[in-house]
Structures are given as structure tokens and as C-alpha cells.
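Asks: Following this message is one structure expressed as C-alpha cells.
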Amino acid sequence: MQLLDGKLVSEKIKQDIAREAAEFLTSNGRKPHLVAILVGHDGGSETYVASKMRNCQQVGFESTNIRYEDDITQEELIKKIKELNQDDAVDGIIVQLPLPKHIDPEVVTEAIDHRKDVDGFHPVNLGRMQRNLPCFIPATPYGIMLMLDHYGIQTAGMHAVVVGRSNIVGSPMSILLARNAQPGNCTVTLTHSRTKNLKEEILRADLIVAAIGKKNFVTADMVKEGAIIIDVGINREISTLTKSGYKLFGDVDFERVSSKASYITPVPGGVGLMTIIGLLKNTLAAAKKEVY
Ligand code: GUN
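Numbering follows the working numbering, with no gaps: position 234 of the sequence shown is 225.
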């Protein structure tokens, strides 16, 4: 079994991004600029946005975090997004999800100019991704593809099973793995809460992407010998034993599954760190106008 080391790969790619950001500053007299909007006080979202901001600073990007209380109206939020769309000093805009119930995430997603949609959630980017055209690819699937690429894993012809069909991970992941590219060219099964015989489906997989949001959901009896395991889960449990006050668990029972796997991502230290890389690369590409 080989560990797919998110720390190692992300640090290496971050060095390249930092070099390109410095070149961008020299030629343009400003840094690539990401704006992240955070509504409310969801614990996970606070941590993710703080990490995104910190990583931007580490690679020499400008980053702005705009915060609102959870009683902000949808209209006020949209008005702010439209302002940022028009602002030439802003390259990328993300609105951290989930949003409070009274705000429709679809309306918010479509309000962001697709040329600044560095989360890759806008339908224009989604459609262009499906057609293999230049676009912003959602950060987590993008990070996973970069990880597979870094380790030179040839995925052509593999049977990939994606567990979970979210807009953020499972659904775009299934599109990317099926595309005519390396990594890619997989035969993909996209499974979800209504899938019958889920265990049998997962057992057929050469490559498993677990993105269901349930601690230790994928167990050793569901995994074929030699399968590649990508664990997207970030399940938090309160713990008095760690400095942060919580402990993270993946969607995969790492301890028992790892002995059957050919490659596996740890949690923490796997996909989570690569997600940041996807976002940074999209922001740099937006600043350099490489996509649109
Ligand atoms: N919530 C969970 N993951 C993400 C992400 O990648 N982007 C945004 N905007 N919200 C999220």
C-alpha cells in the first residue's frame, strides 16, 4: 500500500503557485486576489475559509474575507456579489456553502460571474467541464485529479465508483473521471443514497472516491484487493485529546481498508490539502485570464 500524501504534493504545487504569483505581481503590479464570502458561524465553514485565506497569504495572493450574519437577505448578498463581479481588482469570488435556509444556493451560484467562479460551481463552468473545454473545475475534484496525476496513476479503463452525488464533489468527480484524458478514461458508476446493492457496486471498483460525509462508511468488506482509495470525508468529532478540540475522520475505515488498498489517501493529510490547491490554481488562472 502506498499513501497518497496530500501534504507532500500540496507543498510542492504551492511552491510553483508562489513562483507564478510573484511573476504576476512583477508584471501586473498587484497580486492575484480571492474574495471569500462567509455567511453565519458554521464551525466547519469558519475553519475552511480561514484555511483558504491563510493559504492565499502563503503563496502571495491577496485575500479578502467578507462576513455576514446569518440574517442577511438574499438580495443584499446578490448585490455584494454583483459589485465584486464589476471590480477589476477581484479575480476570484467564492461564497462558502452551506448557506442559511432562506438563501437559495443556486441563485447565489449563478449570480457570480462565471469568469470569476473559482469554485467552478456555475452552470457555465459545469457544462464546459463536461465538454472538456477550458473552465474552472471544482476545487476538490480538481485536487484529486492533480493527486492522481502526481503519482502517475494510469486510470484509463479502470472502473471507478464514486460514492455520493453532491454538486461540490461526487457529481463533478464522476464527469472528470469519465473524460477522455489522463487521469480519466474510467468507466464510472455514480452511487448515492438510493443505490441498490451499494456494497456490490463498490466491490467492483478499481478506484473508489468516497464522498458521502459519513464516518468510516466504506469498510474493508466493500473493497476489492488492490483498489485505489480516495477519501474525501472530513467528519468532525469533538475530542478532548486534540489541541483543536476535535478529531477528523474520513468516510473510509482507514485502519482496516488500507491493508487491501494499492493506494490510499489519509484523513487528515490527503484530499483536504489538495482542495486548497485546486482553489489556488483556479484563482491564479482567473488572474492570468488563462481560462476566459
Ligand atoms: N463547502 C464545502 N466545500 C466547499 C467548497 O469547495 N466551496 C464552497 N464555496 N463551499 C464549500
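Even glycine gets a Cβ: it sits at the ideal position worked out from N, Cα and C. It should be emphasised that the depicted structure is a prediction, and the values quoted were computed from it without experimental measurement.
Tell me where the alpha helix (DSSP H) around leucine 88 begins and ends.
Replies: Taking the sequence shown and counting its residues from 1, one reaches residue 88 at position 97. Note, leucine 88: premise wrong, no alpha helix (DSSP H); not H, not E.
Asks: Going along the chain, which unbroken runs of the alpha helix (DSSP H) with 4 or more residues stay wholly within the stretch 12 to 82?
Replies: Entirely contained in the stretch 12 to 82, the alpha helix (DSSP H) runs reaching 4 residues are, in chain order, 34 to 50 and 65 to 77.
Asks: Would DSSP call histidine 150 helix, strand or coil?
Replies: Sequence index remark: in the sequence shown, residue 150 carries index 159 (1-based). It is a strand residue.
Asks: Would methionine -8 be called buried (16 or more neighbouring beta carbons within 10 Å of its own) or exposed?
Replies: By 1-based counting over the sequence shown, the position of residue -8 is 1. It is exposed - the Cβ of methionine -8 has fewer than 16 other Cβ atoms within 10 Å.
Asks: Should alanine 130 be counted as a contact of the ligand GUN given a C-beta to heavy atom distance under 7 Å?
Replies: Your numbering for residue 130 matches position 139 in the sequence shown. Alanine 130 Cβ: within cutoff of the ligand GUN.
Asks: Please report the straight-line C-alpha distance between glycine 241 and isoleucine 255, rounded to a whole angstrom.
Replies: To locate residue 241, count along the sequence shown from 1; it is residue 250. To locate residue 255, count along the sequence shown from 1; it is residue 264. Distance between the alpha carbons of glycine 241 and isoleucine 255: 11 Å.
Asks: Which same chain residues, not among the five before or five after valine 119, have their C-beta less than 8 Å away from its C-beta?
Replies: Here the question's residue 119 lines up with position 128 in the sequence shown. Residue identity check: residue 119 is arginine in the sequence provided, not valine. Closer than 8 Å at the Cβ level, and outside the excluded window around arginine 119, lie Pro125 and Cys126.
Asks: What span of residues does the beta strand (DSSP E) with leucine 124 cover, start to end?
Replies: The residue you call residue 124 lines up with position 133 of the sequence shown. Careful: leucine 124 lies outside any beta strand (DSSP E) and carries neither H nor E.
Asks: Under 8 Å, with one C-beta from each stretch per pair, do the stretch 45 to 56 and the stretch 268 to 278 reach the 3-pair mark?
Replies: yes
Asks: Do proline 91 and glycine 31 come within 8 Å of each other at the CB atom, strictly closer than that value?
Replies: As a working note, residue 31 is residue 40 in the sequence shown. As a working note, residue 91 is residue 100 in the sequence shown. For glycine 31 and proline 91, yes; Cβs fall inside 8 Å.
Asks: Can you tell me whether isoleucine 159 is buried or exposed? The criterion is at least 16 other CB atoms within 10 Å of its CB, across all chains shown.
Replies: Working through the sequence shown from its first residue, we reach residue 159 at position 168. A residue is called buried once 16 or more other Cβ atoms fall within 10 Å of its Cβ, and isoleucine 159 is buried on that count.
Asks: With distance defined between alpha-carbon atoms, name the residue in Val179, Ala169 and Ile128 nearest to glutamate 271.
Replies: Within the sequence shown, residue 271 is the residue found at index 280, counting from 1. Inspection of the sequence shows that residue 271 is occupied by leucine rather than by glutamate. The shortest Cα separation from leucine 271 among Val179, Ala169 and Ile128 belongs to Ile128.
Asks: Does any residue of chain C have a CB that is nearer than 8 Å to the CB of valine 243?
Replies: Within the model displayed, chain C is absent; a lone protein chain is all it includes.
Asks: Any chance the stretch 144 to 157 sits against the stretch 94 to 109, with 3 or more Cβ pairs inside 8 Å?
Replies: no
Asks: What residues in its chain sit with their C-beta under 6 Å from that of lysine 206, if we drop five residues either side in the sequence?
Replies: Here residue 206 is taken as the residue at index 215 of the sequence shown, counted from 1. Asn226 and Phe240.
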